[in-house]
Amino acid sequence: MTTQNLFTSVKLNDDIELNNRILMAPLTRCMADENLVPTDAMVQYYARRAAAGLIISEATIIRPDGQGYPNTPGLFSAEQVQGWRKVTDAVHQGGGKIFAQLWHVGRVAHPHFFGEGDVLAPSALGVEGSVPRMRELTYQIPKAVSQDEINQLVSDYAKAAENAIEAGFDGVEIHGANGYLIDQFLHHASNVRTDNYGQTPENMSRFALEVVDAVMSVIGANRTALRVSPGAYFNMAADPRDRAIFDYLLPELQKRKLAYLHGGIFDDAMTFDYLDGSISQYLRSHYQGTLVGVGGYSAQTASQAIANNQFDLIAIGRPFIANPDYVERVRNTLPLVEYSEDMLASLI
Ligand code: FNR
Ligand code: 8K6
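End of the sequence shown = 348 in UniProt numbering, gap-free, step of one.
Set out below in structure tokens:
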């Protein structure tokens, strides 16, 4: 099957044109140094993947209490900005583009990583379990954030976006997916607030939109993207009432003319009753801007999905871990190395 449509350039807007439609999905690798600064090995890792139309960085925390996994990089210190500058320079030298994924994990943060301080979330509702591969670190009951803390978080997302541009990124993808802080406001299982941030679709969308607006106001809509998970599947229980939140949120996002919207899911073959289908089907029917599909696609199935107008761009995750030269292999119809979890132990 041909994959030629993946290799056409695409103009996202007046500021950003991509060489092809294959994005490298954001992939947490837990390899930053002890100050959460990207290392030289990370510079090489991203540089080897510069042939992607756009690299989305691994999720990068906006401030210390947003950390829930070991050695995830940050974008809040001068040293981190300088470390990322080496990554973005190397990707640009290879002819590529790179967005930073901005992250705060909310209730799956752990004080083990940031010392004293509360675990913050929309409501005091914890998740079961412990930090992956660190069994002794069980998740805590978070503190429901105050209005002042919300205002501070919004301005910290904006500051991290400004830092991302200073570090040479072409834009940012706000991580609003996969059960982390922004997503926690968007689902009933994690948001039982009774103030302006809870109970109604408009209120439950407020934090997400405040973050998007604050980021746009400092770096522009053309450089701002968002990832969302309308279907709960990770660190989150599903609730059919969540549908109304996303039915409200998506047209609001539409008005903002973002660089793109990205579904957050591991397998897009998964369907959700209350969304009447898969994540990409639901997003496509409620959002008319540039849409990124993801989750279990091969270059062939993605090419077909793009031809069928299911989405516009494809993000590839695990195969990009296994094949630094993924784009060249697909272009030349060469066989791919199969992904396995052991590959997470080192950066190739
Ligand atoms: C991920 N994924 C992910 N998603 C995200 O938004 N931010 C992140 O930092 C990560 N980190 C991450 C690490 C690892 C090891 C995996 C396997 C996945 C999800 C990822 O972006 C993507 O949605 C899935 O991997 C599904 O796409 P593939 O792998 O089927 O192409
Ligand atoms: C210490 C490791 C940190 C890893 C960070 C986050 C990435 C998670 C990757 C695997 C999680 C898989 C869960 C997917 C559930 C899918 C259900 C269909």
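The beta-carbon is built from N, C-alpha and C at its ideal position, and this holds for glycine as well.
Values in this document were obtained by computation on a predicted structure and should not be read as measured data.
(request) Return the chain-ordered list of same chain residues with a C-beta closer than 7 Å to the C-beta of TYR287, the five sequence neighbours on each side being excluded. (result) Position 287 of the sequence shown holds residue 287. Within the same chain, TYR287 has close Cβ partners LEU250, LEU253, GLN254 and LEU261.
(message) Which residue marks the beginning of the beta strand (DSSP E) containing VAL108, and which one marks its end?
(response) Translated into the one-based positions of the sequence shown, residue 108 becomes position 108. Element bounds for VAL108: n/a, residue is neither H nor E.
(message) I'd like to confirm something about VAL326: is its beta-carbon nearer than 8 Å to some heavy atom of the ligand FNR, or not?
(response) On the sequence shown, position 326 is the one that residue 326 refers to. Strictly speaking, residue 326 in this sequence is Tyr, with Val absent from that position. Not so, every heavy atom of the ligand FNR lies at least 8 Å from the Cβ.
(request) On a CA-only basis, which of ALA167, ALA124 and LEU258 is nearest ARG193? Give me that one, please. (result) On the sequence shown, residue 193 is found 193 positions in, with the first residue counted as 1. Among ALA167, ALA124 and LEU258, the Cα nearest to that of ARG193 belongs to ALA124.
(message) Quick check on DSSP: helix, strand or coil for VAL127?
(response) Translated into positions along the sequence shown, residue 127 becomes position 127. In this structure, VAL127 counts as coil in the three-state DSSP scheme.
(message) For SER278 and PHE234, I'd like the C-alpha separation in whole angstroms.
(response) Translated into the one-based positions of the sequence shown, residue 278 becomes position 278. Translated into the one-based positions of the sequence shown, residue 234 becomes position 234. Approximately 15 Å, taken between the alpha carbons.
(message) Quick check on LYS97: does DSSP put it in helix, strand or coil?
(response) Numbered from its first residue, the sequence shown carries residue 97 at position 97. DSSP places LYS97 in coil when its eight states are reduced to three.
(request) Figure out for me which residue from THR290, VAL294, VAL127 and VAL108 has the closest Cα to the Cα of GLU17. (result) Here residue 17 corresponds to residue number 17 of the sequence shown, with the count starting at 1. Nearest option by C-alpha distance: THR290.
(request) Apply the 10 Å Cβ neighbour rule to ASP268 and answer buried if 16 or more other Cβ atoms are within range, or exposed otherwise. (result) The residue you call residue 268 lines up with position 268 of the sequence shown. Buried.
(message) With DSSP as the reference, identify every bridge partner of LYS159, one or two as the case may be.
(response) In the sequence shown, the residue the question calls residue 159 occupies position 159. Note: LYS159 sits in no beta bridge, so no partner.
(request) Report the three-state DSSP secondary structure of MET24 (helix, strand or coil). (result) Indexing the sequence shown from 1 puts residue 24 at position 24. MET24: strand per DSSP, three-state reduction.
(request) Indicate, with yes or no, if the ligand FNR has a heavy atom lying under 8 Å from the CB of HIS175. (result) Residue 175 sits at position 175 when you count from the first residue of the sequence shown. It does: the Cβ of HIS175 is within 8 Å (strictly closer) of some heavy atom of the ligand FNR.
(message) Which residue marks the beginning of the alpha helix (DSSP H) containing THR301, and which one marks its end?
(response) Start at 1 with the first residue of the sequence shown, and residue 301 comes out as number 301. THR301 -> alpha helix (DSSP H) spans 299-307.
(message) For the ligand FNR, is there any heavy atom lying closer than 8 Å to the beta carbon of PRO142?
(response) Numbered from its first residue, the sequence shown carries residue 142 at position 142. Checking every heavy atom of the ligand FNR against the Cβ of PRO142, none is found closer than 8 Å.
(request) Go to SER229, then tell me how far its alpha helix (DSSP H) extends in each direction, as first and last residue. (result) What you label residue 229 is simply residue 229 of the sequence shown in a count that begins at 1. It is not in any alpha helix (DSSP H) - SER229 carries neither H nor E in the DSSP assignment.
(request) Alpha carbon to alpha carbon, how far is ALA51 from residue 359? Give it in angstroms, no decimals. (result) Here the chain covers residues 1 to 348 and nothing more, so residue 359 does not appear.
(message) DSSP three-state label for ALA208, please.
(response) As a working mapping, residue 208 is identified with position 208 in the sequence shown. Residue state, collapsed to three classes: helix.
(request) Would you please state the rounded distance, in angstroms, between the beta carbons of ASN71 and ASN222? I believe it to be under 8 Å. (result) On the sequence shown, position 71 is the one that residue 71 refers to. On the sequence shown, position 222 is the one that residue 222 refers to. Separation of the CB atoms of ASN71 and ASN222 is rounded to 32 Å, and the pair is thereby denied contact status at 8 Å.
(request) Counting only the same chain and skipping the five closest in sequence on each side, list residues whose C-beta sits under 8 Å from that of SER77. (result) Numbered from its first residue, the sequence shown carries residue 77 at position 77. Cβ within range, chain order: ASN35, LEU36 and VAL37.
(request) Specify whether the region 149-161 and the region 127-137 touch according to this definition: at least 3 beta carbon pairs, one from each stretch, less than 8 Å apart. (result) With the rule of 3 Cβ pairs closer than 8 Å, the region 149-161 does not count as touching the region 127-137.
(request) Please state whether DSSP places PHE246 in a helix, a strand or coil. (result) Numbered from 1 along the sequence shown, position 246 holds the residue referred to as residue 246. Looking at PHE246 - three-state DSSP - the assignment turns out to be helix.
(message) In this structure, how does DSSP classify GLU116 when only helix, strand and coil are distinguished?
(response) For the purposes of this step, residue 116 is taken as the residue at position 116 of the sequence shown. If DSSP states are grouped into helix, strand and coil, GLU116 belongs with coil.
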